[in-house]
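Residue numbers (my numbering), protein chains in the order written: chain A, 624 to 858; chain B, 624 to 858; chain C, 624 to 858; chain D, 624 to 858; chain E, 624 to 858; chain F, 624 to 858. Read through the structure below, which is laid out as structure tokens, and then see the notes.
Protein chains: 6
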Amino acid sequence: MRPSGRALDQMREVSIETGVTKHAEGSCLIRVGDTHVLCTASVDERVPPFLRNTGLGWVTAEYGMLPRATTTRMRREAKDGQSGRTQEIQRLIGRSLRAGIDRVALGERQIVVDCDVIQADGGTRCASICGGWVALRLAVNALMKAGDVISDPLGAPVSAVSCGLYAGQAVLDLDYPEDSEAGMDGNFVMTGDRLIEVQCSAEGSTFSQDQFGSLMGLAIKGCGELMKMQKGAVS
Amino acid sequence: MRPSGRALDQMREVSIETGVTKHAEGSCLIRVGDTHVLCTASVDERVPPFLRNTGLGWVTAEYGMLPRATTTRMRREAKDGQSGRTQEIQRLIGRSLRAGIDRVALGERQIVVDCDVIQADGGTRCASICGGWVALRLAVNALMKAGDVISDPLGAPVSAVSCGLYAGQAVLDLDYPEDSEAGMDGNFVMTGDRLIEVQCSAEGSTFSQDQFGSLMGLAIKGCGELMKMQKGAVS
Amino acid sequence: MRPSGRALDQMREVSIETGVTKHAEGSCLIRVGDTHVLCTASVDERVPPFLRNTGLGWVTAEYGMLPRATTTRMRREAKDGQSGRTQEIQRLIGRSLRAGIDRVALGERQIVVDCDVIQADGGTRCASICGGWVALRLAVNALMKAGDVISDPLGAPVSAVSCGLYAGQAVLDLDYPEDSEAGMDGNFVMTGDRLIEVQCSAEGSTFSQDQFGSLMGLAIKGCGELMKMQKGAVS
Amino acid sequence: MRPSGRALDQMREVSIETGVTKHAEGSCLIRVGDTHVLCTASVDERVPPFLRNTGLGWVTAEYGMLPRATTTRMRREAKDGQSGRTQEIQRLIGRSLRAGIDRVALGERQIVVDCDVIQADGGTRCASICGGWVALRLAVNALMKAGDVISDPLGAPVSAVSCGLYAGQAVLDLDYPEDSEAGMDGNFVMTGDRLIEVQCSAEGSTFSQDQFGSLMGLAIKGCGELMKMQKGAVS
Amino acid sequence: MRPSGRALDQMREVSIETGVTKHAEGSCLIRVGDTHVLCTASVDERVPPFLRNTGLGWVTAEYGMLPRATTTRMRREAKDGQSGRTQEIQRLIGRSLRAGIDRVALGERQIVVDCDVIQADGGTRCASICGGWVALRLAVNALMKAGDVISDPLGAPVSAVSCGLYAGQAVLDLDYPEDSEAGMDGNFVMTGDRLIEVQCSAEGSTFSQDQFGSLMGLAIKGCGELMKMQKGAVS
Amino acid sequence: MRPSGRALDQMREVSIETGVTKHAEGSCLIRVGDTHVLCTASVDERVPPFLRNTGLGWVTAEYGMLPRATTTRMRREAKDGQSGRTQEIQRLIGRSLRAGIDRVALGERQIVVDCDVIQADGGTRCASICGGWVALRLAVNALMKAGDVISDPLGAPVSAVSCGLYAGQAVLDLDYPEDSEAGMDGNFVMTGDRLIEVQCSAEGSTFSQDQFGSLMGLAIKGCGELMKMQKGAVS
């Protein structure tokens, strides 16, 4: 029934390649089906002004798309400032990664996670969170190896997946053909068995509490699988 | 236990005053406790380019804050472009109101809903959705009275409320002192008994599925009360 | 002869409601006929860089219009930067209020006066100056009560009114229907019997010295009446 | 008593050199003492959208300063958008020139008058109006010679001069040393014996009606002298 | 003598991988040593306004850098508009590619070549031109295969290489450690044995005609090698 | 054969008038045929942040065009930010002038050279470099006379000229009619017999090494003549 022939609760194939750029303290190229995102984590010993002399660390994210990551070429955002959609996505990525880090243990430094979409086929923000965590994990490993961080500030992987109602059925991990037809969809961010973020919206439509419950169930399954992949990539 | 002395599931006092500006096709001043938002609905017979000659209508929203709506004066956004937070809020308001309207029945015209916060004390986006629906309802009434719209495009009121975990307890309708201390909070948008939007996030923290369930329960109660107020205001 | 039926030298009805927002140090809602402006005064203990360590205070103003304050909806300035007209108006308001304050007595602090037009029907800049002075007076009262300012830096109220040639006759306090038809018009700012600002211009037209003299006479009458209203509002 | 040794009612030396650039339809370099402004008038057969198919012409102005026109180098406005002051000045120049032209006789075309200050020593906006009118007159002459305009749309020259209170005395045509010390000053725009614009303001101060009257008297004298210079330059 | 141990006239290792993104009409990832650039060519059937109804085609280029393509993270240009350096580079790429195409044979359509630097180690603009031509060649092949273009508009490959004076010696294909120390350097663009662009500059220094001649000789050798690589990649 | 009747290797008439504005530390108006550029040099005792406490000086340049310097009026850049072309030109002027100055001898201060084109007829960037050097020389003379600079930081004049292929022939110093028809052209910057910058490009075309050699020969001749003019102007 799904355009890709997948089962309702089946994710796309996921691969995570680490160490893909020589400059960044942590980096990976995550592929979730045909969605490919290059994630880098950059350590900056200066924190934003509101955190100076607090001893607390910070993690923030930026998100971008190469102009031809999409079916038709998109205007490069460099010319016009970032759109509301882009800002919304990068705020979500940053919040999600911060929920999975102990800012005291990180120490007063900032890690900037850049997520640049090389090829888009739905679910770019979720892939960015999963890949972003891997890059973050690798950068923190480097800090610990150098003795700059003593106690590990990171716990279970932070993972994210989208679910939605496609042709009246709850499905896991929407690709672009499904996403563009879905009556409603949601993004779920988890770490271990805890929730970090739940965002469900229905463009021009509504949904029942039962339907919402089905999506939540699929998301828990999907995030569990993603966490295993993330652990594998960094071990 | 709550700073305001309210019960855990008790909303703030709500009032909705309609017809507050002579130029707008629909308008109201909604007060949810000390949060006051002026909402206007402006009918525009031209739709955005992507809808021309489709016969479909459109509803969009803009959100703003007067510089001294807050405890300390904020920079007027007019000087720097709208922040990511502002854009995120107005996209939410627009999506929510569109979910409650039949765009075929509205006909090929646009209604712009402006929500300007006069005084802020937490929950401004939820108050904007509730008040925005009232202004929209009044503008549509005017269109129907003039014979420009025949079949009513609006159904049950669209209402929204925030819930969160304050001092470890699930509470309904957070005011600013609660909101600034809450470990996590969420905004729920409903129409009748259907959900339109669920947004829960934990800044630097996580939450369990049970905690999420408690918030959902409170939100359903709060939205029910708000819908009664909205119906009363427009009848 | 005037669309409103007023006598040539008759002002619109004026009301000034103070204390309209709980956050600002001083605030009022001034209504001059159907022109309604919300004015707030915010005290900031930091002055602009050019005044640091001079012991001198500063008063500045910002002016805005809600998008549907006008007959047809206007583009929110937040999206495009402030227009030349807006900047011109807020520079006038700031200069006018500074002319009525003793900057040594105020001490090295800044007061920002925000004037936001809720509903426009002509004469918004004059209403902003009158209401802005009231908000400023209330904020200074608070500073004096707290002992932060010892000697009163404010004298007589600063008031402003527009006059113009409508249908060949000099009239006082133009409303929008008159303003849009007037061959020439002017704004006069006074404090006590002293002038602060005189701005007369003729869009695509000219005027004689006698005509100018008639406007000046009307303005002196109007400002006198406004000063009484302002004194009443703050006593 | 004046820094320059001039009498109270004495203008600076004025010269107007025409035809200073080969591309513009009309041009001049006006020198008012050490204030030098290059003015060009460019004919554009297209009018702004709001005038299309009305048969009416338009005159507009832009004002700029070379970065080192002033004592200390100023930031080039090209980098930051035009300041409120610049916009205010160019709006004044445009309004003033439009008051001296018959827009029906001009026909549906636009003339853009650019006033670029090469060297500033006070009174740049007044010099721009005087020089701008000369450039406009020459461009209209060219249109009439070519038969594109039949009936002369221009009447008496539009001239402008500043006056102010310096060391307690009313003085004509302030130069920079006077302008920076003046308690109040004003700009007067006239054509023949008619007024076009009166702008008097007192930065941080006030003035009496008598003082205002003295300035008006000086301005009438100064504008009379300027009109003679302008007529001479274009004959 | 060179930090990399290369001979003075030895290029870095070059690889060109084609078909790296599924959406673009033509694409490649070019690696010149540690400089990696992703190039895509997007066909747009609409040309810029100045070419409408001329029958002529157009090729243009955009250039970007991922934030962590460099040793230290760079500010994402999306936030501030493109820098002068970025604009200068993309203008060079566009001009170079246009010199190698027959715009009549291309027909009235536009091809946009995006060059995004994934990892930078000197010579990014030259790598962009070489890779950009490969992407362009592949996109044109697709147009010819589809019958949209009949006569091949492309001739010999367009290639580019940098040369410079490092430690007093003329060297070919500078990497970043050489580039940051070079007293002067130049970029040469060629197609076949013809020159397209020569840009030599000495930051804070000068060079003799003989030194310039040596660079030119190296460039001719390097471009010849690059053209072979480009031909191989597209055959 | 040339539209102006000049010989292939003949420059336009050049004049350099110094001391044209009373505020700048150095200034000149350079005329190269009908291309007229006003150049000023402004001394600033503060250097850019990256040079603080290094003891090194800096020279930078800005370039602008008056709106009617060209045949048809151009949009004032003040409204839209500087174009890529403008930035490219001013970067070239700054680099060229820095190549001719000893930054240690200049001492830790900055000189800003502004080049504003009053009238354009081709070759504005080259005229700007020549005139900019004259303004710089005069400003340095003033610093030396005041004893702020002891050892002369300037050597031979920095001069620049354009050459190109017009109607198949190599010609020196292109004016606008030639420039707009030239198949390729280049700008050459020299000081004494040393090269500073070589920029040759062929818009939509290519050129041989022999053709490039002919241009180089003409440029050396032209720069030699310009240096004599520059020396004469400052002696």
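Just so you know, even glycine gets a beta-carbon here, dropped at the ideal spot from N, CA and C.
Would glycine 847 (chain C) pass as an interface residue toward chain D - the criterion being a Cβ-Cβ separation below 8 Å?
Locating residue 847 (chain C) in the third sequence gives position 224, where the first residue counts as 1. False, the Cβ-Cβ gap to chain D never drops below 8 Å.
Under a Cβ-count criterion, where at least 16 other Cβ atoms within 10 Å of its own Cβ denotes burial, should phenylalanine 811 (chain E) be classed as buried or exposed?
One-based indexing of the fifth sequence puts residue 811 (chain E) at position 188. Phenylalanine 811 (chain E) comes out buried.
Would you say serine 665 (chain B) reaches chain C, if we count a Cβ-Cβ gap shorter than 8 Å as a contact?
For this step, residue 665 (chain B) is matched to residue 42 along the second sequence. Closer than 8 Å to some Cβ of chain C, the Cβ of serine 665 (chain B) qualifies, so yes.
Selection from E:Val784, E:Gly770, E:Asp802 that minimises the alpha carbon distance to valine 655 (chain E):
The count along the fifth sequence starts at 1 and reaches residue 655 (chain E) at position 32. Minimum Cα distance to valine 655 (chain E) is reached at E:Val784.
Length at least 4, wholly inside the stretch 630-694 of chain E: the alpha helix (DSSP H) runs in chain order:
none
If we require 4 or more residues per run, which alpha helix (DSSP H) segments fall completely within the stretch 746-781 of chain E?
747-768
Is the beta carbon of alanine 692 (chain B) closer than 8 Å to that of valine 736 (chain B)?
For the purposes of this step, residue 736 (chain B) is identified with residue 113 of the second sequence, where counting begins at 1. For the purposes of this step, residue 692 (chain B) is identified with residue 69 of the second sequence, where counting begins at 1. Contact flag unset, no.
Closest Cβ-Cβ distance between valine 735 (chain A) and chain E: below 8 Å?
For this step, residue 735 (chain A) is matched to residue 112 along the first sequence. True, the Cβ-Cβ gap to chain E drops below 8 Å.
Glutamate 820 (chain A), enclosing beta strand (DSSP E) - first and last residue:
Numbered from its first residue, the first sequence carries residue 820 (chain A) at position 197. Segment 817-824, the beta strand (DSSP E) holding glutamate 820 (chain A).
Which stretch, first to last residue, makes up the beta strand (DSSP E) that contains aspartate 808 (chain A)?
In the first sequence, counting from the first residue as 1, residue 808 (chain A) sits at position 185. Segment 807-814, the beta strand (DSSP E) holding aspartate 808 (chain A).
Can we say the stretch 658-669 of chain A touches the stretch 721-735 of chain A, given the rule of at least three CB pairs closer than 8 Å?
yes
Go ahead and pull the three-state DSSP assignment for glycine 787 (chain D).
On the fourth sequence, residue 787 (chain D) is found 164 positions in, with the first residue counted as 1. It is a strand residue.
Collapsed DSSP secondary structure at glutamine 705 (chain C) in the structure displayed
Working through the third sequence from its first residue, we reach residue 705 (chain C) at position 82. In this structure, glutamine 705 (chain C) counts as coil in the three-state DSSP scheme.
Residues of its chain near leucine 720 (chain C), where Cβ-Cβ distance is below 8 Å and the 5 sequence neighbours each way are ignored:
Here residue 720 (chain C) corresponds to residue number 97 of the third sequence, with the count starting at 1. Correct list, in chain order: Val682, Ala684, Val736, Ile752, Gly755, Trp756, Leu759, Val781.
Just the C-alpha distance for lysine 702 (chain B) and lysine 844 (chain D), rounded to the nearest angstrom, thanks.
The residue given as residue 702 (chain B) occupies position 79 in the second sequence. The residue given as residue 844 (chain D) occupies position 221 in the fourth sequence. Low per-residue confidence applies at lysine 702 (chain B): pLDDT is 46, beneath 50, and the placement is therefore not dependable, though the value from the model is reported in the following sentence. Whole-angstrom Cα-Cα distance: 42 Å.
Is DSSP giving aspartate 739 (chain F) helix, strand or coil here?
By one-based count along the sixth sequence, residue 739 (chain F) stands at place 116. It is a strand residue.
Within 10 Å of its beta-carbon, does alanine 630 (chain A) have 16 or more other beta-carbons around it, so buried, or fewer, so exposed?
Sequence index remark: in the first sequence, residue 630 (chain A) carries index 7 (1-based). With fewer than 16 Cβ atoms within 10 Å of its Cβ, alanine 630 (chain A) is classed as exposed.
Please report whether the beta-carbon of alanine 630 (chain D) lies at a distance below 8 Å from any beta-carbon of chain F.
Counting from 1 along the fourth sequence, the entry for residue 630 (chain D) is found at position 7. No, alanine 630 (chain D) lies away from the interface with chain F (no Cβ there is under 8 Å from its Cβ).
Taking Cβ to Cβ, would you say alanine 805 (chain C) is nearer than 8 Å to serine 828 (chain D)?
Numbered from 1 along the third sequence, position 182 holds the residue referred to as residue 805 (chain C). Numbered from 1 along the fourth sequence, position 205 holds the residue referred to as residue 828 (chain D). Not a contact, by the Cβ cut-off of 8 Å.
Could you tell me which of C:Lys645, C:Gln710, C:Lys851, C:Val821 sits nearest to leucine 838 (chain C), measuring between CA atoms?
Within the third sequence, the letter at position 215 stands for residue 838 (chain C). With distances taken between Cα atoms, leucine 838 (chain C) lies closest to C:Val821.
Among B:Asp796, B:Gly687, B:Glu700, B:Gly770, which residue has its Cα nearest to the Cα of glutamine 633 (chain B)?
If you number the second sequence from 1, residue 633 (chain B) lands on position 10. Among B:Asp796, B:Gly687, B:Glu700, B:Gly770, the Cα nearest to that of glutamine 633 (chain B) belongs to B:Asp796.
Closest by C-alpha distance to glycine 678 (chain B), when choosing among B:Ala728, B:Ser706, B:Ala647, B:Arg817:
Taking the second sequence and counting its residues from 1, the one referred to as residue 678 (chain B) is at position 55. Residue B:Ala728 is the option with its Cα nearest to glycine 678 (chain B).
Under 7 Å by beta carbon: chain E residues contacting alanine 684 (chain A):
In the first sequence, residue 684 (chain A) corresponds to position 61, counting from 1. By Cβ distance, chain E contributes nothing, its closest Cβ being about 11 Å from alanine 684 (chain A), past 7 Å.
Quick one: is arginine 691 (chain D) near chain F, going by C-beta distance under 8 Å?
For the purposes of this step, residue 691 (chain D) is identified with residue 68 of the fourth sequence, where counting begins at 1. Yes, because at least one Cβ of chain F sits closer than 8 Å to the Cβ of arginine 691 (chain D).
If you follow the alpha helix (DSSP H) that leucine 841 (chain D) is part of, which residue opens it and which one closes it?
Working through the fourth sequence from its first residue, we reach residue 841 (chain D) at position 218. Its alpha helix (DSSP H) spans residues 832-857.
Mapping the DSSP letters down to three states, classify leucine 795 (chain F) as helix, strand or coil.
Here the question's residue 795 (chain F) lines up with position 172 in the sixth sequence. Correct three-state label for leucine 795 (chain F): strand.
Against chain F, which members of the stretch 631-656 of chain D pass a CB distance test of less than 8 Å?
Thr644, Lys645, His646, Ala647, Ser650
Between which two residues does the alpha helix (DSSP H) harbouring arginine 726 (chain F) extend?
Translated into the one-based positions of the sixth sequence, residue 726 (chain F) becomes position 103. Start and end: 726-729.
If contact means a Cβ-Cβ distance below 7 Å, which residues of the stretch 817-828 of chain E contact chain F?
Arg817, Leu818, Ile819, Glu820, Val821, Gln822, Cys823, Ser824, Ala825, Glu826, Gly827, Ser828
When we look at the beta-carbon of glycine 791 (chain B) and count the other beta-carbons within 10 Å, is it buried (16 or more) or exposed?
As a working note, residue 791 (chain B) is residue 168 in the second sequence. Flag for glycine 791 (chain B) reads exposed.
Checking contacts by CB at 8 Å: is phenylalanine 673 (chain D) closer than that to chain C?
Start at 1 with the first residue of the fourth sequence, and residue 673 (chain D) comes out as number 50. Chain C contact via Cβ: absent.
Can you give me the C-alpha to C-alpha distance between arginine 748 (chain D) and serine 706 (chain D), rounded to a whole angstrom?
What you label residue 748 (chain D) is simply residue 125 of the fourth sequence in a count that begins at 1. What you label residue 706 (chain D) is simply residue 83 of the fourth sequence in a count that begins at 1. Spanning the two alpha carbons is a distance of roughly 15 Å.
Under 8 Å from the C-beta of glutamine 710 (chain D): neighbouring residues of chain F:
Residue numbering aside, residue 710 (chain D) sits at position 87 when the fourth sequence is read from its first letter. Neighbours of glutamine 710 (chain D) on chain F: none; closest Cβ ~10 Å, over 8 Å.
Nearest-angstrom Cβ-Cβ length linking alanine 825 (chain D) and glutamate 648 (chain D), presumed shorter than 8 Å:
Along the fourth sequence, one-based indexing puts residue 825 (chain D) at 202. Along the fourth sequence, one-based indexing puts residue 648 (chain D) at 25. Wrong, their Cβ atoms sit about 40 Å apart, outside the cutoff.
Chain C contact residues for threonine 864 (chain B), given Cβ-Cβ distances below 7 Å
Here chain B has residues from 624 to 858 only, and residue 864 (chain B) is not among them.
Check this for me: beta carbons of proline 776 (chain E) and aspartate 816 (chain E), under 8 Å apart or not?
For the purposes of this step, residue 776 (chain E) is taken as the residue at position 153 of the fifth sequence. For the purposes of this step, residue 816 (chain E) is taken as the residue at position 193 of the fifth sequence. No, the Cβ-Cβ distance between proline 776 (chain E) and aspartate 816 (chain E) is not below 8 Å.
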